[in-house]
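Data block below; observations after.
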Amino acid sequence: MLRNDIAITPELVAEHGLKPDEYQRILDLIGREPTLTELGIFSAMWNEHCSYKSSKKWLRKLPTKGERVLIGPGENAGVVDIGDGQAVVFKMESHNHPSYIEPYQGATTGVGGILRDVFTMGARPIAAMNALRFGEPTHPKTHHIVSGVVAGVGGYGNSFGVPTVGGEVNFHPRYNGNCLVNAFAAGLLDADKIFLSEAKGVGMPVVYLGSKTGRDGIHGASMASAEFDDNSAEKRPTVQVGDPFAEKLLLEASLELMASGAVIAIQDMGAAGLTCSAVEMGAKGNLGLELNLDAVPTREPGMTAYEMMLSESQERMLMVLHPHLEEQAEAIFRKWGLDFAIVGRTTDTLRFVVKHHGDVMADLPIKDLGDQAPEYDRPWVEPKKLSILDPATTRAPEDYSKALLDLLGSPNLSSRRWVWEQYDHLIQGNTVQRPGGDAAVVRVERPNGGKAKGLGFTCDVTPRYVEADPFEGGKQAIAESWRNLCAVGALPIAVTDNLNFGNPERPEIMGQFVKALEGLGEACRALDMPIVSGNVSLYNETNGVAILPTPAIGAVGLMDDVTKTVGIGFAAEEDVIVLVGDTAGWMGQSSYLYELFGLEEGAPPPVDLSVEKRNGDFVREAVVAGRVTAAHDLSDGGLLVALAEMAMAGGKGARILLPDLDVPLHAFLFGEDQARYVVTASPAEASKLIVDAAMAGVPATAIGAVGGDALVIAPHLTVSVDDLRHRHESWFPSYMSGV
Amino acid sequence: MKSAVLVFPGINRERDLARAFEVVSGVKSHMVWHTETELPDVDVVAIPGGFSYGDYLRCGAIAARSPIIDAVRRHAERGGWVLGICNGFQIVTEIGLLPGALMRNASLKFMCKEVNLRVDNATTAFTSAYAPGQVIRCPVAHGEGNYFADPETLARLEGEGRVVFRYCDEKGELTEAANVNGSINAIAGIVNERGNVLGMMPHPENLIEALQGGIDGRGLFESLAKVA
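Read top to bottom, the protein sequences are chains H and Z.
The first sequence begins at 1 in the numbering used here and counts up one residue at a time.
The second sequence begins at 1001 in the numbering used here and counts up one residue at a time.
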């Protein structure tokens, strides 16, 4: 008998974030009024966060396949073949809304969620990154949010035991009311031991593992699918609390259980907890599933079916196990001190049945919960194109040394050391390129010994560019990740995307989304970097102000020999500095204009993907062949900032000899033309490299030599490396200590 | 060198430590689960870094009361080598094998960075491969590594040359800036009276191979390999 004590009013439906036409869809599907538990289940399955109802149409157009792709989007994380029977598993996911409301816990649970996605597939996490975006530094909430989010990311990852090797931190007023916390995790597994969520077999035990279920996070996913207003702080109770120790136990117990052969299917309980995980396991396996909530371990007595189905308590898993191995499985979980309960069985009815205290609280068609979720083709408008800024009309600095120091000491270009020193980036002992360079590099041992491979990791997007031109900005995000990987000698093999946008019900926001995805897709195709996993976060708005469109990219590259890499630091006196790529002095949307003059003007730099490919291949091959002693991609702040970064990283100065310029000097030094790198090589090697570049059609020019203790461009600029470092390192600690 | 690496459920640098033992000595470590009550026949018992039981209470407080600890104590009493790194240092102070305690870092923040250590006693079984006064690079990764001991204990430690490592600058000078966590007398590592128990906050096990950025951490394991 279906139990329903509460009348379903239009107000109740609205409170569940369901539109009247969506509710009508439910009535049509099940042919009766839903129970409260059922309404909760529908709201969990059909909110934007879980159903991708506004984005699905456009996500389908992204390139997700490739020779190396073993598993693309749709599972907990993407899986990519890296040879030797090994595969890398990775994904990036947002925890924006919770982090704004409760920065520490929002960030910890974001990190916890993404780590769980990775080890649910059977992989041991080997690297984490995070892309963080905050409001302007002077905004009253920013300091508090930065402090809490960074502590939370570190607090979870450090205890769990994964090295946090990279990421991004940006400040912009458009994130004043809505920060972004995008967490990336990657893990390693044997390609023939991938675990999936698809249930198999009728009458199989469905087992609940991990922490107990509490009343935390009920409707978390629904919160993440709505805009913020001034009362958002009242949503604090919907934020969950992370327990990295429990996650560490869950990791070890899950991997041990998988190795025992007892696991048929596994799904972590993330957004919308028990509901989403159970429905997904059944629906994917073309099976029904019956849950008995009396068996669910709970943190407090008296929890209702509704609460249990919607709780987002952390560090929980659902598994389907081989019945004859139940005991063995339970022993493993007891060893790790975790809860283990058989909470249901698979059935052949294709129904999702939830029982509590002898009553049937829900009885729904399991496949329709996912398959029949609404899908919208939201109206969108083509974003307006901005005109191209003539560099000659932009202001030149009065003092180049001061301009460089001001840029290096600006919130967006200053050193992130204050952040990444709070993250354990060395644990596991495999970190070969540490934070602060273009991309992190992590060693991967081959299963049968031999020289170790490497994986490169980077996070990129320039939201200012995407705002100014979503299509080019989308391309640029991929191109920059491509460059960062090439610069460390890694072949880019795949990406994950974390698409953060405003309210999709506004046609101009939807226009940003559509065009940015077009740009991402085009670049991924051109550079052979399929998108294997991702996450969409919409409704990032507060009081009608949307964030900058931020399709954050997490990219992974492969190295055959992990020792064949270089850093960004100048390595040896007299090394020749070579600029790779063409410089037209593109000033539109440059960091120079934004950080020094507060201007966000003009079209962003266009990205020529064939040039990106050619230049990137050339640089990567030079790195791998051991021909260059340092390599750095050019991005925010252009050539001069890149040179300063190389000087600071290597503790060596440089004398720059300007070539004949047909662009204004400041545009040459600060322009953000794409597809460019600076590499250094011994004088003899540099000459050969420049000849080889010419043969390959790659522009390459010697622009100076490493040496001394200052960066010198006579007669325009002389700054000591110490002064560069002082300004570069000062901003973050001063800001955070409130000085 | 036969070694045992203790594994508490929330410990997380046990593989790093076991790898260091294996790279230097060629012998695999025994991994010993915290609920065991006996140790295998080993020369060195190593307690790695991590968050033994989550460390939501005082770091190492619960680990110090776990079943394996009695065996560790007996091993130390027999004169066996005990190496406690990071959480391991916190645990051996909780057990009482070493004096003093580790408090929150003076910055109140978790800190992961490479620091310089001065080897102030190169005569111990843990440091004989280093030169006296040698400055080595070594990573730290902790939130509670601020060593403290009362004046009497401190005077004894200093008087008996039991301060083995100190945080210093590149030249070996003890500066406020170099003292990463605010430890009293810049103490990074100490030994017991008998010299068979070493506790230290930094992680020599993460600087063993060139591709980790240096090999300054090897000396500690090479020293042990000479005696064990």
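We treat Cβ as the ideally placed atom computed from N, Cα and C, and that holds for glycine.
Values in this document were obtained by computation on a predicted structure and should not be read as measured data.
For this session: Provide the residue span of the alpha helix (DSSP H) that contains glutamine 267 (chain H), from first to last.
Result: Here residue 267 (chain H) corresponds to residue number 267 of the first sequence, with the count starting at 1. Note, glutamine 267 (chain H): premise wrong, no alpha helix (DSSP H); beta strand (DSSP E) at 263-268.
Exercise. Is tryptophan 1081 (chain Z) helix, strand or coil when you go by DSSP?
Worked result: Stepping through the second sequence from its first residue, residue 1081 (chain Z) is reached at position 81. DSSP places tryptophan 1081 (chain Z) in strand when its eight states are reduced to three.
Exercise. When the Cα of threonine 1124 (chain Z) is compared with those of Z:Pro1204, Z:Leu1220, Z:Leu1017 and Z:Ser1025, which residue comes out closest?
Worked result: On the second sequence, residue 1124 (chain Z) is found 124 positions in, with the first residue counted as 1. Here the closest residue by C-alpha is Z:Leu1220.
For this session: Report the three-state DSSP secondary structure of glycine 187 (chain H) (helix, strand or coil).
Result: Residue 187 (chain H) sits at position 187 when you count from the first residue of the first sequence. Strand.
Exercise. Can you find a CB in chain Z that lies within less than 8 Å of the CB of glutamine 86 (chain H)?
Worked result: On the first sequence, position 86 is the one that residue 86 (chain H) refers to. For glutamine 86 (chain H), the answer is no, since every Cβ of chain Z falls outside 8 Å of its Cβ.
For this session: In the DSSP assignment, find the unbroken alpha helix (DSSP H) run with leucine 255 (chain H) in it and report its ends.
Result: Looking up residue 255 (chain H) in the first sequence gives position 255. Its alpha helix (DSSP H) spans residues 244-259.
Problem set entry | Same chain, Cβ closer than 7 Å to isoleucine 1184 (chain Z), five either side skipped, listed in chain order | Position 184 of the second sequence, counting from 1, holds the residue named residue 1184 (chain Z). Excluding positions up to five away in sequence, the list reads Tyr1147, Phe1148, Ala1149 and Leu1154.
Exercise. If you draw a straight line from the alpha carbon of serine 94 (chain H) to that of glutamate 1160 (chain Z), how long is it in whole angstroms?
Worked result: Counted from its first residue, the first sequence places residue 94 (chain H) at position 94. Counted from its first residue, the second sequence places residue 1160 (chain Z) at position 160. Cα-Cα distance, rounded: 54 Å.
For this session: Report the partner residues of valine 611 (chain H) according to the DSSP bridge assignment.
Result: On the first sequence, residue 611 (chain H) is found 611 positions in, with the first residue counted as 1. BP columns for valine 611 (chain H) are empty, so no partner.
Exercise. Would a check of beta-carbon distances place valine 118 (chain H) closer than 8 Å to chain Z?
Worked result: Translated into positions along the first sequence, residue 118 (chain H) becomes position 118. So no, valine 118 (chain H) is outside the interface.
Problem set entry | Alpha carbon of alanine 1004 (chain Z) to alpha carbon of arginine 443 (chain H), nearest angstrom | Stepping through the second sequence from its first residue, residue 1004 (chain Z) is reached at position 4. Stepping through the first sequence from its first residue, residue 443 (chain H) is reached at position 443. Distance between the alpha carbons of alanine 1004 (chain Z) and arginine 443 (chain H) is about 25 Å.
Exercise. What does DSSP give as the partner residues of glutamine 433 (chain H) in its beta bridges?
Worked result: Position 433 of the first sequence, counted from the first residue, corresponds to residue 433 (chain H). Paired residue(s): H:Val441.
Exercise. Whose C-alpha, out of H:Leu455, H:Ala272, H:Val207 and H:Leu18, is nearest the C-alpha of aspartate 216 (chain H)?
Worked result: What you label residue 216 (chain H) is simply residue 216 of the first sequence in a count that begins at 1. Cα-wise, what sits closest to aspartate 216 (chain H) is H:Ala272.
Exercise. From the beta carbon of glycine 626 (chain H), is the nearest beta carbon of chain Z less than 8 Å away?
Worked result: Translated into the one-based positions of the first sequence, residue 626 (chain H) becomes position 626. For glycine 626 (chain H), not one C-beta of chain Z is nearer than 8 Å to its own C-beta.
Exercise. Who are the near neighbours of lysine 193 (chain H) in its chain, counting only those whose CB is closer than 8 Å to its CB and skipping five residues on each side?
Worked result: On the first sequence, position 193 is the one that residue 193 (chain H) refers to. Closer than 8 Å at Cβ, skipping near neighbours: Gly122 and Met258.
Exercise. Where in the segment 498-561 of chain H do unbroken runs of the beta strand (DSSP E), each at least 3 residues long, occur, reported from the N-terminal end onward?
Worked result: 531-537 and 550-559
For this session: In the DSSP assignment, find the beta strand (DSSP E) that holds tryptophan 1033 (chain Z) and state where it starts and stops.
Result: Mapped onto the second sequence, residue 1033 (chain Z) falls at position 33. Note, tryptophan 1033 (chain Z): beta strand (DSSP E), 1030-1033.
Exercise. Do alanine 702 (chain H) and valine 536 (chain H) have their CB atoms nearer than 8 Å?
Worked result: For the purposes of this step, residue 702 (chain H) is taken as the residue at position 702 of the first sequence. For the purposes of this step, residue 536 (chain H) is taken as the residue at position 536 of the first sequence. No, they are not a contact pair.
Exercise. Pick from H:Met736, H:Asn182, H:Gly270 and H:Thr458: whose alpha carbon is nearest that of glutamate 75 (chain H)?
Worked result: Counted from its first residue, the first sequence places residue 75 (chain H) at position 75. Out of H:Met736, H:Asn182, H:Gly270 and H:Thr458, H:Gly270 has the C-alpha closest to the C-alpha of glutamate 75 (chain H).
Exercise. For glycine 66 (chain H), which residues from the same chain have a beta carbon less than 6 Å from its beta carbon, with the 5 sequence-adjacent residues on both sides left out?
Worked result: Here residue 66 (chain H) corresponds to residue number 66 of the first sequence, with the count starting at 1. Result list for glycine 66 (chain H): Pro530, in chain order.
Problem set entry | Member of H:Ala44, H:Ser415, H:Ala87 and H:Gln24 whose CA lies at the smallest distance from the CA of serine 730 (chain H) | What you label residue 730 (chain H) is simply residue 730 of the first sequence in a count that begins at 1. Minimum Cα distance to serine 730 (chain H) is reached at H:Ser415.
Exercise. How many Å lie between glutamate 601 (chain H) and leucine 609 (chain H) at the Cα?
Worked result: Mapped onto the first sequence, residue 601 (chain H) falls at position 601. Mapped onto the first sequence, residue 609 (chain H) falls at position 609. Cα to Cα, the separation comes out at about 23 Å.
Exercise. By DSSP, does alanine 96 (chain H) sit in helix, in strand, or in coil?
Worked result: Your numbering for residue 96 (chain H) matches position 96 in the first sequence. Going by the sequence as given, residue 96 (chain H) is asparagine instead of alanine. In this structure, asparagine 96 (chain H) counts as helix in the three-state DSSP scheme.
Problem set entry | Residue-level contact to chain Z via CB, glutamine 589 (chain H), 8 Å cutoff | Translated into positions along the first sequence, residue 589 (chain H) becomes position 589. Taking Cβ atoms only, chain Z never reaches closer than 8 Å to glutamine 589 (chain H), which makes this a no.
For this session: Could you give the DSSP three-state label for glycine 1139 (chain Z): helix, strand or coil?
Result: As a position in the second sequence, residue 1139 (chain Z) is number 139, starting the count at 1. Position check: residue 1139 (chain Z) holds proline in this sequence, whereas glycine was assumed. It is a strand residue.
Problem set entry | Contact set between lysine 1226 (chain Z) and chain H, taken where Cβ atoms lie within less than 8 Å | As a working mapping, residue 1226 (chain Z) is identified with position 226 in the second sequence. Residues of chain H passing the Cβ test: none, with the nearest at roughly 23 Å.
Exercise. So, does the CB of aspartate 660 (chain H) fall closer than 8 Å to a CB anywhere in chain Z?
Worked result: Walking along the first sequence from the start, residue 660 (chain H) turns up at place 660. Residue-level contact check: aspartate 660 (chain H) does not touch chain Z, since none of the beta carbons of chain Z fall below 8 Å from its beta carbon.
Problem set entry | C-alpha gap between leucine 1017 (chain Z) and serine 1029 (chain Z), whole angstroms | Numbered from 1 along the second sequence, position 17 holds the residue referred to as residue 1017 (chain Z). Numbered from 1 along the second sequence, position 29 holds the residue referred to as residue 1029 (chain Z). For leucine 1017 (chain Z) and serine 1029 (chain Z), the distance between alpha carbons rounds to 9 Å.
Exercise. Would a check of beta-carbon distances place methionine 1200 (chain Z) closer than 8 Å to chain H?
Worked result: For the purposes of this step, residue 1200 (chain Z) is taken as residue 200 along the second sequence, with counting starting at 1. Closer than 8 Å: no.
Exercise. Does the separation of the CB atoms of proline 1202 (chain Z) and leucine 1097 (chain Z) fall below 8 Å?
Worked result: As a first step, residue 1202 (chain Z) must be located in the second sequence, where it is residue number 202. As a first step, residue 1097 (chain Z) must be located in the second sequence, where it is residue number 97. Contact: no.
For this session: Output, in chain order, the set of chain Z residues within a Cβ distance shorter than 7 Å of isoleucine 509 (chain H).
Result: Reading the first sequence from its first residue, position 509 is the one you call residue 509 (chain H). Within 7 Å Cβ-Cβ: nothing; isoleucine 509 (chain H) doesn't reach chain Z, min ~37 Å.
Problem set entry | Identified DSSP bridge partners for glutamate 290 (chain H) | Here residue 290 (chain H) is taken as the residue at index 290 of the first sequence, counted from 1. Beta-bridge pairing links glutamate 290 (chain H) to H:Arg345 and H:Val353.
For this session: Could you tell me whether the Cβ of arginine 299 (chain H) comes closer than 8 Å to any Cβ of chain Z?
Result: Position 299 of the first sequence holds residue 299 (chain H). Arginine 299 (chain H) does not count as touching chain Z.
For this session: Figure out for me which residue from H:Tyr52, H:Leu657 and H:Leu318 has the closest Cα to the Cα of glutamate 198 (chain H).
Result: Your numbering for residue 198 (chain H) matches position 198 in the first sequence. Looking at the Cα atoms, H:Leu318 is the closest of the given residues.
Problem set entry | Under 8 Å between C-beta atoms of glycine 454 (chain H) and valine 562 (chain H) | Your numbering for residue 454 (chain H) matches position 454 in the first sequence. Your numbering for residue 562 (chain H) matches position 562 in the first sequence. Yes, the pair counts as a contact, with Cβ atoms nearer than the cut-off.
Problem set entry | C-alpha distance - histidine 1034 (chain Z) paired with proline 1009 (chain Z), whole-angstrom precision | For the purposes of this step, residue 1034 (chain Z) is identified with residue 34 of the second sequence, where counting begins at 1. For the purposes of this step, residue 1009 (chain Z) is identified with residue 9 of the second sequence, where counting begins at 1. Going by the C-alpha atoms only, they are around 8 Å apart.
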